[in-house]
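Each remark here refers to the structure printed beneath this line.
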Amino acid sequence: MKRTVGVLLFERFELLDVFGPLEMLGLLEDAFEIRLVSEQAEVVDSAQGPRSVVDDYLVDHHPYDLLLVPGGMGTRREVENQALLDWLNHAAGRAETVASVCTGSALLARAGLLDGRRATTNKNAYNWVVRQGPKVEWQPRARWVEDGKFWSSSGVSAGTDMALALIARLCGIDRARQVAHWAEYVWNEDSTDDPFART
Numbered sequence: 023m024k025r026t027v028g029v030l031l032f033e034r035f036e037l038l039d040v041f042g043p044l045e046m047l048g049l050l051e052d053a054f055e056i057r058l059v060s061e062q063a064e065v066v067d068s069a070q071g072p073r074s075v076v077d078d079y080l081v082d083h084h085p086y087d088l089l090l091v092p093g094g095m096g097t098r099r100e101v102e103n104q105a106l107l108d109w110l111n112h113a114a115g116r117a118e119t120v121a122s123v124c125t126g127s128a129l130l131a132r133a134g135l136l137d138g139r140r141a142t143t144n145k146n147a148y149n150w151v152v153r154q155g156p157k158v159e160w161q162p163r164a165r166w167v168e169d170g171k172f173w174s175s176s177g178v179s180a181g182t183d184m185a186l187a188l189i190a191r192l193c194g195i196d197r198a199r200q201v202a203h204w205a206e207y208v209w210n211e212d213s214t215d216d217p218f219a220r221t
């Protein structure tokens, strides 16, 4: 089964939040088709400057099997974007899996999608993110967290570890390890091994 991956982009998204996971997923062309989604911009600026060309728009309401929500400084603005939060609720309802990287969990939390669920986020932005979802069971020590169909990872590079864990869940552990080998990436397979955890 080939799954469609929808990746939400917004101004000042974090580059590695998006392209770390997409490098891993994209190495399995037979398993995943990747689509970049934005509210209305054809080209979206990252926090680091490089721009990405969009495939779909929120108004298209395309269904995605796997929804990926990155973080970045742009989340500080987007938590107030009701149209985007409404779209997240709609898209998440149809998705098999919903995953966030870094402060992307703030957007899922603000949309109410993580209420009563365990989740984590970037430890450097932990206090701000927690305020976006007071009903979420925030985990201060976790490389990534899985709760039902909702996955969340810690800061930036943790999203790549989470993506490989997603591949393991959807395609098998052997394929995940093969992808990590192809990418010459040292995968942290232990979701509880969080060297950046708050003390």
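Per our numbering, residue 23 is the first one in the sequence shown, and the count goes up by one each step.
Think of the CB as a built atom: it goes at the ideal place given N, C-alpha and C, for glycine as much as any other residue.
With 16 other CB atoms within 10 Å as the buried threshold, where does K24 fall?
K24 is exposed by the Cβ-count criterion.
For G71, count neighbouring Cβ atoms within 10 angstroms of its own Cβ and tell me buried if that reaches 16, exposed if not.
Burial call: exposed.
Let me know the secondary structure DSSP gives V178 once reduced to three states.
Residue state, collapsed to three classes: coil.
Can you give the beta carbon distance from R34 to G96, rounded, assuming they're within the 8 Å contact cut?
3 Å between Cβ atoms; contact.
So is N144 buried or exposed if we call it buried at 16+ other beta carbons inside 10 Å?
Buried, by the Cβ-count rule.
Please state whether DSSP places Y148 in a helix, a strand or coil.
Note: Y148 maps to helix in three-state DSSP.
I want to know whether the region 74–89 touches the region 132–149 - three or more CB-CB distances under 8 Å.
Cβ pair count under 8 Å is below three, so no.
On the three-state DSSP scale, how would you describe E102?
In the structure shown, E102 sits in coil (DSSP, three-state: anything other than H, G, I, E or B).
Going by DSSP in three states, T26 sits in which element: helix, strand or coil?
In this structure, T26 counts as strand in the three-state DSSP scheme.
Identify the residues that DSSP records as bridge partners of A121: which are they?
For A121, which the question treats as bridged, DSSP gives the partners L90, W173.
Is it buried or exposed, T214, if we count other Cβ atoms within 10 angstroms and call 16 or more buried?
T214 is exposed by the Cβ-count criterion.
Within the same chain, show all residues whose beta-carbon is closer than 8 Å to that of W173, passing over the 5 residues directly before and after it, in chain order.
Once the five neighbours on either side are set aside, the close Cβ partners of W173 are T119, V120, A121, S122, W166, V167, M184, A187, L188.
Does DSSP classify W160 as helix, strand or coil?
Three-state result, W160: strand.
From S179, L107, K171, pick the residue whose C-alpha is nearest to that of R191; which is it?
Answer by Cα proximity: K171.
By a C-beta neighbour count over all protein chains shown, 10 Å radius and 16 as the cutoff for buried, is Q62 buried or exposed?
Exposed is the call here.
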